[in-house]
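Take any residue in the sequence shown, note its place counting from 1, add 2, and you have its number in this note's numbering. The beta carbon of each residue, even a glycine, is placed where N, CA and C say it ideally should be.
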Amino acid sequence: MSKKAAAKPQHGKAALYIRVSTDAQREEGYSIDAQKQMLEAHCTSRGIKDYDFYIDGGYTGSNIQRPELQRLLNDAKTGAIDSVIVYRLDRLSRSQKDTLYIIEDVLNPHNVDFTSINEHMDTSTPMGRLMLGILSAFAQLERENIRERTRMGMTERVKSGLWMGGGRIPFGYDYDKESGILVPNQDAETVRNIYALYIKGYSLNRIARMVGLKYEKLAYQILTRKSNAGFITYNGEEYLGQHEPIISLETYEDAMECMRRRSAKKLSTSEYLLTGLLYCGKCGGRMRYQKWGKTGCKIVCYSRDKSKPNLIRDPDCDNKGSWADEVEDAVVNDMVRFCVAKQEEGFKAPAQSVLDILNEQQAALSAKIKRLYTLYGTSPDPLLLETIGEHQKELLGIMKQITMETERGVISKQSAKLYKKISTISDAWDALTHSEKQTLARTLINRVTLTGEGLEIDYSL
3 MSKKAAAKPQ HGKAALYIRV STDAQREEGY SIDAQKQMLE AHCTSRGIKD
53 YDFYIDGGYT GSNIQRPELQ RLLNDAKTGA IDSVIVYRLD RLSRSQKDTL
103 YIIEDVLNPH NVDFTSINEH MDTSTPMGRL MLGILSAFAQ LERENIRERT
153 RMGMTERVKS GLWMGGGRIP FGYDYDKESG ILVPNQDAET VRNIYALYIK
203 GYSLNRIARM VGLKYEKLAY QILTRKSNAG FITYNGEEYL GQHEPIISLE
253 TYEDAMECMR RRSAKKLSTS EYLLTGLLYC GKCGGRMRYQ KWGKTGCKIV
303 CYSRDKSKPN LIRDPDCDNK GSWADEVEDA VVNDMVRFCV AKQEEGFKAP
353 AQSVLDILNE QQAALSAKIK RLYTLYGTSP DPLLLETIGE HQKELLGIMK
403 QITMETERGV ISKQSAKLYK KISTISDAWD ALTHSEKQTL ARTLINRVTL
453 TGEGLEIDYS L
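As structure tokens, then:
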């Protein structure tokens with residue numbers, strides 16, 4: 003004999019759910035008290051006397067991680083309630099996926115009815131269940147429209163040079179809400195020190211310890227932020243910010259160039275100057291330092307070293323190697339000669355007149371856009387907005403050209419500074435640390451090729 007399911011009482015305990023977001027609390031009809039009055043009136047008209055309020059104040063409807071909603075779902079699963087009533091569907095959730103999950107996966111399987119007063123929805127009826135899917139889709143659409151409008155507004159904001167606002171303020175800055183821009187704070191000097199130390203050749207790990215940062219990654223994040231040089235990066239695009247730069251664009255580009263060089267040629271922990279740069283002129287294989295009895299150290303080809311077969315290019319290579327101290331002396335002397343020659347050749351920076359013209363165009367166009375915004379404020383006209391948009395695109399193109407021209411000048415200056423630096427260290431070479439010597443060698447040189455009779459140096463600049 004089968005057991006019959008217990009009949010559901012006509013009016014069990016109802017859960018009256020209320021949600022208000024921070025902004026919605028100020029809107030008429032969305033306050034907690036207003037929703038309470040409408041929900042209680044609904045219960046009175048339906049003869050529902052046993053009910054309890056579940057109120058989430060100041061919570062977004064974009065997810066279900068709300069304390070009172072979680073309590074409601076748990077009560078539905080345990081049978082403590084048999085119906086849920088809300089003023090509007092979006093009070094439950096603004097996500098179609100979450101709405102369907104709550105009703106289809108939690109309420110319905112536990113025989114809990116759902117009612118939305120505003121939409122006249124009752125899931126105990128077929129029409130109510132049909133309306134549920136339709137209205138949930140509209141709630142999701144509205145949420146996506148709000149997100150899109152917010153994103154568009156943020157893009158216009160950063161285009162004008164204002165910071166995005168909110169959290170994640172860059173280290174070294176405070177955020178001024180009234181002006182909408184970043185303001186350097188007491189940590190700005192630490193930011194400058196990080197760039198200076200990195201350009202001098204110190205590792206990020208050591209820099210972090212020197213300036214008191216907890217992790218090496220923090221030093222890397224600070225170093226790679228172009229906001230330190232006065233720019234704002236948003237959605238993969240760069241915009242010129244209104245905030246005061248902590249460092250110059252030249253310093254930023256100098257640091258990024260150092261980073262590119264270091265990532266291409268990782269600094270070695272070896273005690274030898276040219277480790278990682280040595281190649282055999284006979285077989286094309288790599289070469290290494292090898293202690294040679296008590297007489298010193300030689301540079302030998304890996305093809306003649308049977309212990310590492312994967313590095314053998316030619317088992318019959320006849321390159322007998324060279325004395326390491328002789329090779330290093332020759333390389334250092336050639337580095338100095340090369341840099342002196344380059345310095346004497348001189349470097350032609352991009353014509354300053356190009357930058358002057360671009361800067362003048364930027365200033366004129368910015369002033370024009372500002373005047374158009376003022377005009378639009380007094381007399382809104384869609385054609386004005388279209389014109390402003392066109393000018394903004396043109397301004398963005400000019401800003402990119404300015405960046406390119408500036409970078410050309412920075413690269414030229416970087417090369418000149420580097421050659422000058424190398425050409426003046428010949429007398430002070432012995433006073434440099436091993437790390438500084440390695441840094442200079444790896445900055446200048448791609449490879450050193452030894453033929454047994456002589457050497458060839460391939461410079462990277």
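To the nearest angstrom, how far is it from the Cα of residue i to the Cα of residue j?
{"i": "Arg170", "j": "Leu242", "result": "19 Å"}
{"i": "Arg263", "j": "Tyr274", "result": "19 Å"}
{"i": "Arg73", "j": "Gly238", "result": "41 Å"}
{"i": "Asp107", "j": "Asn65", "result": "16 Å"}
{"i": "Thr192", "j": "Pro247", "result": "14 Å"}
{"i": "Gln292", "j": "Arg194", "result": "42 Å"}
{"i": "Asp178", "j": "Lys372", "result": "22 Å"}
{"i": "Cys319", "j": "Ser305", "result": "6 Å"}
{"i": "Leu360", "j": "Thr441", "result": "37 Å"}
{"i": "Tyr32", "j": "Ser23", "result": "9 Å"}
{"i": "Ser47", "j": "Ala36", "result": "17 Å"}
{"i": "Glu30", "j": "Ser181", "result": "With a pLDDT of 49 at Glu30, under the threshold of 50, the modelled position of that residue is not reliable, and no figure is offered here."}
{"i": "Lys15", "j": "Leu71", "result": "16 Å"}
{"i": "Asp118", "j": "Leu41", "result": "Reading off the sequence shown, one finds Ser at residue 118, where the question assumed Asp. Distance between the alpha carbons of Ser118 and Leu41: 10 Å."}
{"i": "Ser97", "j": "Tyr61", "result": "14 Å"}
{"i": "Arg444", "j": "Leu385", "result": "57 Å"}
Looking at residue j and residue i, is the spacing between their C-beta atoms short of 8 Å?
{"i": "Asp316", "j": "Cys341", "result": "no"}
{"i": "Leu225", "j": "Tyr200", "result": "yes"}
{"i": "Met166", "j": "Tyr254", "result": "no"}
{"i": "Thr101", "j": "Leu91", "result": "yes"}
{"i": "Ser95", "j": "Gly63", "result": "yes"}
{"i": "Tyr197", "j": "Asn187", "result": "no"}
{"i": "Thr451", "j": "Gly283", "result": "yes"}
{"i": "Tyr89", "j": "Tyr56", "result": "no"}
{"i": "Ser229", "j": "Leu184", "result": "yes"}
{"i": "Ala190", "j": "Ile83", "result": "no"}
{"i": "Gly287", "j": "Cys299", "result": "no"}
{"i": "Leu367", "j": "Glu396", "result": "yes"}
{"i": "Leu280", "j": "Ile314", "result": "no"}
{"i": "Leu374", "j": "Ile390", "result": "yes"}
{"i": "Thr125", "j": "Ile105", "result": "yes"}
Under the DSSP definition of a beta bridge, which residues are partnered with residue i?
{"i": "Asp124", "result": "Thr117"}
{"i": "Lys465", "result": "Outside the shown range of the chain (3 to 463) lies residue 465, about which nothing can therefore be said."}
{"i": "Thr80", "result": "None, per the DSSP bridge assignment."}
{"i": "Thr451", "result": "Tyr281, Glu458"}
{"i": "Pro186", "result": "Tyr175"}
{"i": "Val86", "result": "Ala17, Phe116"}
{"i": "Ile234", "result": "Tyr241"}
{"i": "Ile57", "result": "Ile20"}
Take the Cβ of residue i as the centre, count every other Cβ of all protein chains shown within 10 Å, and call the residue buried at 16 or more, exposed below.
{"i": "Arg68", "result": "buried"}
{"i": "His122", "result": "exposed"}
{"i": "Ile136", "result": "exposed"}
{"i": "Ser462", "result": "exposed"}
{"i": "Ala43", "result": "exposed"}
{"i": "Asp256", "result": "buried"}
{"i": "Asn321", "result": "buried"}
{"i": "Gly323", "result": "buried"}
{"i": "Asp327", "result": "exposed"}
{"i": "Arg21", "result": "buried"}
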